[in-house]
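To keep things clear, I will list the structure first and then write my remarks on it.
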Amino acid sequence: MKNVTPPSTNSKKFNVDTVVNWIYENLKIIGALVGVVIVAAAGSFFYLHSQFKSETTATDALFSAEKKYQGVVSSIKKQPDLGNAMFQMPPSEAEKSEIKEKSEAIVKEWQTAIESHKSRKAAWTHAIKLASIHFDNKDYQLAQNVLGAVKAEISAKEPFFGLVHHGFGLAMLGQQKYAEAASAFDEILRHKSQEFIFPSALFQKALAQKSLGDYKGSAETLQKLRRDFPTSSVAEMSQSHLFLLKAMSWKDEATK
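According to my numbering, the sequence shown is numbered sequentially starting from 4.
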């Protein structure tokens with residue numbers, strides 16, 4: 004390519020005619036450079052537009068699936084709408100069964116939308132919602148699948164970290180996989196940023212330890228709960244468990 008040297012503004016001969024002549028002489032090169040800039044700008048615009056459109060479509064799919072599911076629930080529940088979510092009666096067992104049957108395809112659609120959404124925080128929120136539905140139906144394996152996928156990618160810096168691991172631990176408890184449950188609750192307790200959920204994690208870990216036959220370890224976990232979080236609701240619940248565990252621990256020691 005021919006070297007293009009623009010006219011120097013320090014030259015004594017510099018004038019408007021010189022600049023015009025230089026532009027005419029290098030018009031093709033200048034045009035090519037302008038064309039490259041325009042094409043690059045247009046490409047960036049269309050890429051960002053397609054990304055935005057894709058993100059919007061994915062978000063619509065998430066909320067569409069959730070709305071469809073709520074529509075199924077509303078059409079089946081017989082309890083009157085009291086106008087306040089705090090006072091809503093949960094579906095009966097028969098209604099739960101009907102809701103589960105009629106929403107099977109919607110739940111799959113929802114799961115697909117969660118897996119494909121590029122904004123992972125939006126996906127995590129919906130994963131927790133979907134897992135709670137599986138818990139209501141006692142589908143602990145499905146809850147494990149939903150939360151396990153999120154658990155594999157979420158960082159401990161995220162506020163959802165504790166909720167996801169806690170839910171995963173509950174799914175393990177529901178399937179009587181007590182060692183995996185205890186491990187999930189331990190993972191929460193290793194991260195100070197998740198302290199808001201420590202009381203429940205300690206309580207559930209103690210239940211897992213008890214089911215594993217580790218009565219002494221379970222009692223120690225409950226003692227830590229009562230020592231570190233004395234005003235929490237689960238600390239009060241733990242008192243009766245603690246008495247029983249101490250008795251079981253003493254009996255266990257006596258038989259050794």
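Beta carbons: idealized from backbone N, C-alpha and C, even for Gly.
1) Specify the secondary structure class of S106 as computed by DSSP and reduced to three states.
2) One question on the structure: do F171 and L205 come within less than 7 angstroms of each other, judged by their Cβ atoms?
3) If you pair each beta-carbon of the region 194–210 with each one of the region 155–170, do three or more pairs fall below 8 angstroms?
4) Using only the alpha-carbon positions, how far apart do S221 and K227 sit?
5) Rounded to whole angstroms, what's the CA-CA distance from L268 to A146? Just pull it up for me.
6) Drop a sphere of 10 angstroms on the beta-carbon of D231, count the other beta-carbons inside from all chains shown, and report buried for 16 or more, exposed for fewer.
7) Does I136 get closer than 7 angstroms to chain C when you measure Cβ to Cβ?
8) Using the three-state DSSP reduction, which class does H137 fall into: helix, strand or coil?
9) Return helix, strand or coil for G216, following the three-state DSSP convention.
10) Please name the residue in E98, E112 and F201 whose C-alpha comes closest to that of K80.
11) What number of angstroms, rounded off, separates the C-alpha of D139 from the C-alpha of K103?
12) Considering only residues of the same chain and omitting the five flanking positions on each side of A1, which have a CB-CB separation below 7 angstroms?
13) Rounded to whole angstroms, what's the CA-CA distance from I136 to G177? Just pull it up for me.
14) To the nearest angstrom, how far is the alpha carbon of L245 from that of Y218?
15) Let's see if you can read the secondary structure: which residues bound the alpha helix (DSSP H) around H168?
16) Please report how far the alpha carbon of T224 lies from the alpha carbon of F188, in whole angstroms.
17) Would you report the Cα separation of E118 and A126, rounded to the nearest angstrom?
Reading off the structure:
1) coil
2) no
3) yes
4) Using only the alpha carbons, I get a separation of about 10 angstroms.
5) For the chain, the structure presents residues 4 to 259; residue 268 sits outside this window and is missing.
6) exposed
7) The chain labelled as chain C is not found in the depicted structure, where only one protein chain is given.
8) For H137, the secondary structure class from DSSP, reduced to helix, strand or coil, is helix.
9) G216 falls in the coil class under three-state DSSP.
10) E98
11) 10 angstroms
12) Nothing about residue 1 can be read from this structure; the chain reaches only from 4 to 259.
13) 14 angstroms
14) 10 angstroms
15) F163 to G177
16) Going by the C-alpha atoms only, they are around 11 angstroms apart.
17) Looking at the backbone, the Cα of E118 and that of A126 are separated by about 7 angstroms.
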